[in-house]
Structures are given as C-alpha cells and as structure tokens.
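These protein sequences, in sequence, are chains C and S.
In terms of numbering that gives the first Met the number 0, the first sequence has 61 at position 62, counting the first letter as 1, and numbering is strictly consecutive.
In terms of numbering that gives the first Met the number 0, the second sequence has 303 at position 304, counting the first letter as 1, and numbering is strictly consecutive.
Heads up, the beta-carbon is just placed ideally off N, CA and C, and yes, glycines get one too.
Protein chains: 2
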Amino acid sequence: MRGLQWLRRMVRAAGSKARMVPNHGFCRAAADNQPSAQPTFGLLFDIDGVLVRGKMPIPSAKKAFQKLVNPLGQFLVPVVFVTNAGNCLRQKKADQLTHVLGVPISQEQIMMSHSPLRMFKQYHDKHVLVSGQGPVLDIAKHLGFSHPVTIDVLREQFPLLDMVDHSRRPKIPLSPAVDFPKIEAVVLFGEPVRWETNLQLMVDVLLTGGYPGKAPRQISYPHIPLLACNMDLMWMAEAQSPRFGHGIFMVCLENIYKKITGKDLKYEALMGKPSDVTYHYAEYLIRTQATARDWKKPIQTLYAVGDNLMTDIYGANLYNQYLQEESSRKGSKARMQAAAGTRAAAVSQEDEPINAWEGELSATSATSCRSILVCTGIYDPRLEVPSNPSDCITETVFHGHRDFRFDPALVEPGHVVEDVDAAVDLVFQLETFSPKE
Amino acid sequence: MRGLQWLRRMVRAAGSKARMVPNHGFCRAAADNQPSAQPTFGLLFDIDGVLVRGKMPIPSAKKAFQKLVNPLGQFLVPVVFVTNAGNCLRQKKADQLTHVLGVPISQEQIMMSHSPLRMFKQYHDKHVLVSGQGPVLDIAKHLGFSHPVTIDVLREQFPLLDMVDHSRRPKIPLSPAVDFPKIEAVVLFGEPVRWETNLQLMVDVLLTGGYPGKAPRQISYPHIPLLACNMDLMWMAEAQSPRFGHGIFMVCLENIYKKITGKDLKYEALMGKPSDVTYHYAEYLIRTQATARDWKKPIQTLYAVGDNLMTDIYGANLYNQYLQEESSRKGSKARMQAAAGTRAAAVSQEDEPINAWEGELSATSATSCRSILVCTGIYDPRLEVPSNPSDCITETVFHGHRDFRFDPALVEPGHVVEDVDAAVDLVFQLETFSPKE
C-alpha cells in the first residue's frame, strides 16, 4: 500500500491532466435555505452493517437520517457514503440509499472503492484484465479504461486453461487464440463468481507476463501490475456470522501465487478503506458539498461511522494520523517561513500540487478524523471482549490486509455506540450542534 | 499426515471388522496360461501426465501396454494404476483406460485417492459433509458412508450463508433450517466447482463446530475432523502449463481458515499419493494379482512410474524408505528371536495384525519401491534444470502439501526417462525380464 506522496509522483510521471471536480448534488441555489447553524464537521458513513444488512435496512438508519436533513430534504451537514462495495455504478447505490433512508441521496455523495482508479491514467489505454461482478465493463469504462478484458472473454480465447469444472471443459479439441494481445495489467474490482476460473486465469496471466496461452520458460517476476479495490475480508449480511468479502478472494490469490512461485504477489495499488487515498477523496467530496451550500466555515472534523475495525476504524484512525502529521508539518513550515522571512524558501517541488484536482484533493481543511464504531454489523462486542481484562480489544486476530501493518492504536475506535442513530446523536453532542433551522 | 501405525490404532479403537479383500480381476483359471517367466516385481502407474493428458492419450502408452500383456490380453506382470483422481467410480476409470490403452483393464487394478476411506469406519455412520465433483454421493456410499451431505444440500438448508454470487442470493427473506443435524466431519474428495460456495460453507461448518446456522460465541477449536483425498497441487492437461488440482483448493481453505482464526487447519488424515497408506494398499493389490495368477515367487520390487515429483516420486521414495526400515526392523527382530530362542518374546501387541485385511495389507513382501519419472506430464526438464550446475533438481519451489516436509532426497527420482514406453523398457532391462511366453 502506498500513500498520497507516491500517488502524486505517479500521476506526475504519467503526465496526467485529470480533473476530479464532480458534478456535485448541492447546488448553490440551495444555499438560500441554509440553516443558521453552519457545520464545521462532516460525516462519513459506511453502508453495509451500518445502514443495511444484506437487503434489509437497519431500523435505526431511517431515524438517524431524519435528524440530518431539513424539511426540504437538504442535508444540514455534509455527508458522504464511503463504501468498499464496487459492483455497481454510483447512481444505483444512491437510488438504493434514497429508498432505504427515506431522504434523497445523490450520486455525488457516494464514494466507492474503485473511485481512485480515475487517477491511474497510465493504465487507461492499456489492455487490462478486470474481475468482479455486476457491470464491471461499464464501471471500468466510466473510470476511463478503454480496453478492459473480462475473465469470461479470456476464457473463450484460451479454452484449454479453465479445467476445474469438468462440465465446462471444452468438448472438442480447441486451439488457443494465437494473436490475442498481451494483458498489461490486472485490476480486481471485487469478488468474482466461480473463483476457480478467476484464480486459474489470473495466475496464468501473472506467471506468463500477460500471455496466458504460452508456457513460460521461466516465471515472469516481478509480475505485471496488479491493482485491487476493496480489501474487506468479511462483511455482515442477513446471516448470523460474517460473509466472505473480496479480501478472502485476495487471500486465495496471494497464497496460490506464493505456493506456486515461492514469491510474494505484489500490488501496484490497493484502493478502498482503509487506504488513505480513499479518505482524501472522501474529504474532498465533503468540502465540495460545503462549498456548494455556501457554508463559509472550514470543515475541521470528520466523523467516520462504521462497523468494521479493520477498514472503517483503521482507515479513519490512519487518516487522522495523517492529518495530525500534516498539521504539525504545516506548523513547522509556517515557523520556518516566518524565520526565513520568505515563503519560497520552504516549498519543495514535492509539495507543489501537480494539477487542479490534486491541489484541491490534497488541500485538507480537516484537522482530525474521528472513528465511531457501531454494533449493528460485523463487530460483535460479545466476541471482542477479552476474557482477561488486561487484554485490549485489539488483541484479536488481525483481519486487515496482508500489506497493512497491525497497529493496536489504529484499530481502537474513538467511540463505540449501539447503532447509527446513537452515532449521530453523539456527533451532535460532541459538536454542540443543534439541527434547528 | 499420519502413517500405518496410527491407522492401526485408530481402526482398533473403532472396533473395525472391515475386510479389505477385493474381487480381483485375476482369476485362478487364468493361471493355466501363465508365462514361463514369473515376475518378482510389480508396476504402479500414474494416469494423468503418464498415460493421458486431459482427454488425449499419450502416444507411447499404447505401445508400452502391448509389451505388458500376452496375446490373450493377460498381464505378464502385476499392474496397478494409482491415481489421485477421485471424481468417479473405479469401473469408469477402468473402462476409460481399456479404451486408451487397448488392453482390458479391470476395476481391481484401480486405486483412487479415496480408497483408504473404507478403513475409516468410525465416520461411516456419521453425518459427514462431502465435497468434490462427479457422483460424490455414490462414491461416498460405495466407501461405506451412510449419511453423506453435499455442499448443495447444506446450501439449500442454510440459504443465507452463500452470498458471494449476487445472482444466487435468496430473493426473499428465508430462515435457516432449525433442526438440521450436526455435521460431524468434513471429507474433501476432490476439487469442487464454485469454490466460493464450498469454501464459505466449509469454513462456516468448521467455525461453528458443525452447526453452520448458528453464530458461535467463540470459534470452535480444535475444529471437527477433516479428511482429505488427493493433495495434487497441479496436473497436466492439454494446456501448455499445469492446471489447478485439489491441492490448490486446499491451499485456499487452509489460508482462509488461518486468516480468520489465526490457527492452523488440521487434517485428521490425508489420502492419496504421496501418503504411505496409499502405497500399502497398492502393494496389497499387486500381491493379490500375483496370487490370483498363481505366481509363487514373492513380489520384491515395485516400480512407480509418474510425472509428478511431489506426489509420484516423493510417494514412491517415502514408501521405499518405509520398506527399508521395515526390512531392517525384521532383520533385528529375527536376530533377537534367535538370541532369545523364542518367537513370542519379541512380538509386541503393536505388531500384531488387527484383523484379516490389515494383516494382509501390512504383510509387505516388497523390499524396495523405485521411482521412475517421465517427461510427458507436469515435470518439465527445461524448467527444472538449474542454471547453476551445482544446484540440484530439488531446489525448486516445494509443490508438496503443507504437512509433508521437504526432503531433497525424497523428490529425487530413481530414474528419469522420456515416456511410459521407455519406463517399461527400463524395468524389463533392470529385471532382465523377457516377456516371451
């Protein structure tokens, strides 16, 4: 996993001119009806396990959201939904939430795990293998990829590769496509179906340097770039215990690759919570909403409400750590500038924004990001309470991704509440925010 | 992995009265036509990568088998096919081989990876979850299991568990079966299809102590007994590079379990090559054939022909190691008996055969088992030759199962030949055996 500094360098190298200003749902006209109390905080909500479980709404969600809007259905504070789901377009997710919460949600309030792929322009014109469910090709094309290839297409081109399911083996001898272009990168959007097919073909592509029909004389390593969205190991649906998420599929891929080659599978990038790129972008969406409502005060505090210690809590705490380091760095810089009597002396090239979106994205106004854990999802307080009171909550098995270090401080929630309604009440209380017009 | 000593104790504990005398295909009447040269060796052939690749026969196989039979189609030496495949009944495999080799093969010459499950009588009347492809229920019942449950049945009983494939999620809210009996063991016959479903449901069963509909207050560990057949990581079909085998599925299961629980998945038993139980049973089938042909000389040497270093070669060498230790032990015992002047003094209870089949199974006549590697399958001499001549062939990545230690001596083949025809020629030469009537 790599951070924003790395992303800056990468985007600069690719000569990107991307513009990341979305068409936000909060138009300036709406500012006429703004409440007298202008918020200085924003809310980030996880969806599964906080607002819904599988298809079922969590009862307190509707109640909580009634408190967050005025009678016109306008939000009283900036709200972004940060989900690691990635199997649909943002508009569909917004429509689902509008139905579940009973208040209008726009697609500009939705941040999905694959959203940062817009920035990886150096792969957009390449022949990339994509995996996942739902309209994966549409999602890839919306993000900017012009030549995505699905696992199913690869399977048709190379019919001898997928042999696990006896009933799907070719009935007659077939030859592989001889002139199929090289696969130049692999992008994992989310958990696919028929894992045996996906795992076999992906491993073939990685071992052969993008030519799965050939038998390599030696294994191609380092393998071609691999990018993955959504590392969630498990998630909470209607069943009483957590269900497999994309992180479980990644565990399979990583360990098969390791078993066959003896080497580590490496990710060019990991997106979605808890990666910091995700929170940067979420904060940017929060600021955009505030600006659209003509709220002048800077958004200083973010509250991230989630049910998963390893994604929602870890991610919020990691971003909080970043904000505090950034704040301290800014303080030092200001002192240095004051001492030197000049601004330019203290600005390195690394600190300059690369282009419009990146300058805006990295210009954080928040100084802290607080994590709030709810008990309606994957977190089960009965399981997590250690038998020995001197043990802390974080001494359970690490369910984060292989490439994220286990740091007890990062999985310790700022607050633990029963549900999302209690979370909203808590935030209003902490901010002494009165949602009256 | 545990050996024959452990198996003896286990079967004794279960009070088994199993009889392991199959209806062999070599009837005594055939002895009238026996060749003048009586063999003192037997042949064990792997199938995939030695005789066939996928559905395609390997050209030299037919030629080799013409040398092994007399004009009546009777084998001149005892021959057993030892395959790790486990997705069909033995008769089907025998019919396939008869077609491929052009000589009549009987089901008594077939040893499949699941064959030793006949001996695990303590599970036969229990409610066991079985996974694999093909007629898994029929196979389980033939082996003696009276209450096998498939993954598909479990999925129907607990419709909220299998959530990875969005299109197969339940459309309406459903409740799990409340009175479904406890699953008491899990048996992996071979690689299933829809790995996400199989992995999720197996992990649910293991975490909940056999009650997958319940949310456990704590993870059940040690988990319920898990037995697995066929550890082959990969195998050679028509494609130019090896295809995923059941061993890859097991890598997924082991690593998912480890990631979720932090603990190791444990096997009650691992069957199929390279486990020694498999070779004991194969030798027993070889002896049975010799007896049926009225060949009086003991079978002293076994030759195991295969394409896989980690199963065929490792397994044959491991069994050879056992035979040599056994031979040395017998020598010591004889010397002790001679010294003590009595037989009884040197026989411990551990050494007594438990019942008819086991006495016969463990009464080895062979004193060595020699491994012969062919280059028509998964073994690729181009890949395996190290660039540095001081490296040996065994310094490649270990593709054996997690629970088998890597021992360079065990993956070093006794002989390397081009194909199965060359293997037969080599054996005849080593044994100075002339197949003339």
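| query | result |
| --- | --- |
| So with Cβ pairs under 8 Å, would you call C/His113 a contact of chain S? | no |
| Assuming C/Ala93 and C/Gln108 form a contact by the criterion Cβ under 8 Å, report the distance between their Cβ atoms to the nearest whole angstrom. | 7 Å |
| Is S/Ala115 helix, strand or coil by DSSP? | Looking at the sequence shown, residue 115 of chain S is not Ala but Pro. Helix, per DSSP. |
| With a threshold of 6 Å on Cβ separation, who are the neighbours of S/Ala268 within its own chain once the five nearest residues in sequence on each side are excluded? | Leu226 |
| Apart from the five residues on each side of it in sequence, which residues of its chain come closer than 8 Å, Cβ to Cβ, to C/Ser326? | Thr366 |
| S/Met230 to S/Ala238, Cα distance in whole Å? | 21 Å |
| Just to confirm, are S/Leu200 and S/Pro191 a CB contact at a threshold of 8 Å? | no |
| To the nearest angstrom, how far is it from the Cα of S/Glu411 to the Cα of S/Leu301? | 17 Å |
| Over what stretch of residues does the beta strand (DSSP E) that includes S/His414 continue unbroken? | 414 to 416 |
| Starting from the beta carbon of S/Asn86, find every residue of chain C whose beta carbon is closer than 8 Å, and list them in chain order. | His165 |
| Which residue spans inside the region 267 to 352 of chain S form an unbroken beta strand (DSSP E) run of at least 3? | 268 to 270, 300 to 305 |
| Under three-state DSSP, which class holds C/Ala84? | coil |
| Short check: CB of C/Ile182 to CB of C/Ile223, under 8 Å? | yes |
| Given a cut-off of 8 Å, decide if S/Tyr378 and S/Asp293 are closer than it, judged by their beta-carbon atoms. | no |
| Pairs of beta-carbons, one from the region 311 to 321 of chain S and one from the region 57 to 71 of chain S, closer than 8 Å: are there three or more? | no |
| For the 8 Å Cβ check, are there 3 or more pairs between the region 71 to 90 of chain C and the region 43 to 57 of chain C? | yes |
| Establish whether the CB of S/Leu96 and some CB of chain C are separated by less than 8 Å. | no |
| Going by C-alpha distance, which of C/Thr39, C/Val177, C/Asp164 is nearest C/Trp194? | C/Asp164 |
| Beta-carbon of S/Ala281 versus every beta-carbon of chain C: anything under 8 Å? | no |
| Taking 8 Å as the CB-CB cut-off, is C/Val426 touching chain S? | no |
| If the cut is a Cβ gap below 9 Å, which residues of chain S does C/Phe74 touch? | Here the premise fails: no neighbours, minimum Cβ distance about 30 Å. |
| Please report whether the beta-carbon of S/Gln156 lies at a distance below 8 Å from any beta-carbon of chain C. | no |
| Taking C-beta to C-beta, are C/Leu128 and C/Leu153 nearer than 8 Å? | yes |
| In the DSSP assignment, find the unbroken beta strand (DSSP E) run with C/Arg369 in it and report its ends. | 367 to 373 |
| Once you ignore the five residues that flank C/Asp418 on each side, which residues in its own chain have a CB closer than 6 Å to its CB? | Ser59, Val373, Thr375 |
| Starting from C/Pro202, trace the alpha helix (DSSP H) both ways and give me its first and last residue. | It is Val, not Pro, that sits at residue 202 of chain C in the sequence shown. Looking at the DSSP string, the run of the alpha helix (DSSP H) that includes C/Val202 is 194 to 206. |
| Taking 8 Å as the threshold (beta carbon to beta carbon), is S/Ser240 in contact with chain C? | yes |
| Could you give the distance in angstroms between the alpha-carbon of S/Asp263 and the alpha-carbon of S/Lys257? | 6 Å |
| For the beta strand (DSSP E) holding S/His141, just list the boundary residues, first then last. | Looking at the DSSP string, S/His141 is not in any beta strand (DSSP E); the run it does join, the alpha helix (DSSP H), is 135 to 142. |
| Whose C-alpha, out of S/Leu187, S/Tyr283, S/Tyr278, is nearest the C-alpha of S/Phe248? | S/Leu187 |
| Which chain C residues sit within Cβ distance under 8 Å of S/Cys374? | Per Cβ cutoff of 8 Å: no residues; S/Cys374 is ~14 Å from chain C at best. |
| Which bits of chain S does C/Trp194 rub up against, with CB to CB less than 7 Å? | Trp194, Glu195 |
| In its own chain, which residues sit with a C-beta less than 7 Å from the C-beta of C/Glu253, not counting the 5 before and 5 after it? | Leu264, Arg401 |
| At a Cβ threshold of 8 Å, is S/Val99 touching chain C? | no |
| Please list, in chain order, the chain C residues whose beta carbon lies closer than 8 Å to that of S/Asp203. | Ser240 |
| For the alpha helix (DSSP H) containing C/Phe427, list its first residue and its last residue. | 419 to 429 |
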